[in-house]
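Here is the structure we will look at.
Structure, rendered in structure tokens:
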């Protein structure tokens, strides 16, 4: 396997990063998730998510979490109600039986983002998520000998504690630096830190730009 005996770091502990961590652990990959939140209860996680059969639900299923997801999704949240300015109901599908269900290509079950995150966290091995790890920068790892001659203080703590691994890391991997002063090593670093990703500049010189669209609005005039 390509990632055998490799250390994988995922920057960002949102639904995407945690789902990937779960999938990798099912393949016995060594993975850590570095999340800037102080702990799992640090803040409200935002609005609900609707998962599509070909994307989010496919990942949840492959992660072996579909039955757990079914215990927590918001049944009926994908229903539609259209009202006029006086709150008179013009259309509602709440009273009609839904043909769509799990396995249907158009089923879009919704789940509270915080509940989804907790479900994913509980599925990971203890210690997978490293909290209070706000990513600042990273650099390509030089050879152990060259690095120690230049500045011993720049060697990540995990390498210092297990120098035997350093021989396998010659000119490979990355040293990551975090706002709390800690550093860590990984053979592969994956960005899952959102639209304002601190890792984006390491992948492309193209900066995010405003598309001109804040939201899409639909109006029913009949």
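Numbering (my numbering), first residue to last: 744 to 965.
All C-beta atoms in this analysis are idealised placements derived from N, C-alpha and C, irrespective of residue type, glycine included.
State the Cα-Cα distance for the pair residue i and residue j, rounded to the nearest angstrom.
i: residue 751; j: residue 856; result: 25 Å
i: residue 763; j: residue 830; result: 42 Å
i: residue 792; j: residue 953; result: 23 Å
i: residue 889; j: residue 759; result: The pLDDT assigned to residue 889 is 44, lower than 50, so where the model puts this residue is not dependable, and the model offers no usable value.
i: residue 881; j: residue 749; result: 17 Å
i: residue 776; j: residue 784; result: 16 Å
i: residue 868; j: residue 782; result: 16 Å
i: residue 807; j: residue 964; result: 45 Å
i: residue 757; j: residue 936; result: 8 Å
i: residue 816; j: residue 854; result: 4 Å
i: residue 826; j: residue 962; result: 11 Å
i: residue 947; j: residue 788; result: 28 Å
i: residue 917; j: residue 879; result: 13 Å
i: residue 968; j: residue 959; result: In the structure as shown, the chain begins at 744 and stops at 965. Residue 968 is therefore absent and cannot be evaluated.
i: residue 939; j: residue 761; result: 18 Å
i: residue 765; j: residue 949; result: 30 Å
i: residue 942; j: residue 877; result: 12 Å
i: residue 1002; j: residue 767; result: Nothing about residue 1002 can be reported from this structure: the residues present for the chain run from 744 to 965 only.
Would you list the residues sitting across from residue i in a DSSP beta bridge?
i: residue 709; result: This structure cannot speak to residue 709, because the chain is shown only from 744 to 965.
i: residue 918; result: 882 and 928
i: residue 854; result: 792
i: residue 817; result: 853
i: residue 872; result: 776
Under the three-state reduction of DSSP, which class applies to residue i: helix, strand or coil?
i: residue 692; result: A query on residue 692 cannot be resolved here, the shown segment of the chain reaching from 744 to 965 and no further.
i: residue 859; result: helix
i: residue 834; result: strand
i: residue 793; result: strand
i: residue 933; result: strand
i: residue 765; result: helix
i: residue 811; result: helix
i: residue 781; result: coil
i: residue 786; result: coil
i: residue 947; result: coil
i: residue 840; result: coil
Quick one, which of the options has its alpha-carbon nearest residue i's?
i: residue 1032; options: 939, 836, 925 and 943; result: Summary: the structure shown does not reach residue 1032, with the chain confined to residues 744 through 965, and so no result is reported for it.
i: residue 933; options: 755, 745, 747 and 746; result: 755
i: residue 839; options: 854, 819 and 852; result: 819
i: residue 945; options: 772, 964 and 931; result: 931
i: residue 874; options: 854, 816, 846 and 923; result: 923
i: residue 850; options: 942, 761, 794 and 832; result: 794
i: residue 811; options: 858, 925, 920 and 955; result: 858
i: residue 847; options: 825, 797, 813 and 828; result: 797
i: residue 746; options: 780, 921, 773 and 940; result: 773
i: residue 813; options: 852, 778 and 753; result: 852
i: residue 929; options: 765, 768, 884 and 870; result: 884
Closer than 8 Å is the cut-off here; do at least three beta carbon pairs connect the region 798 to 812 with the region 856 to 866? yes
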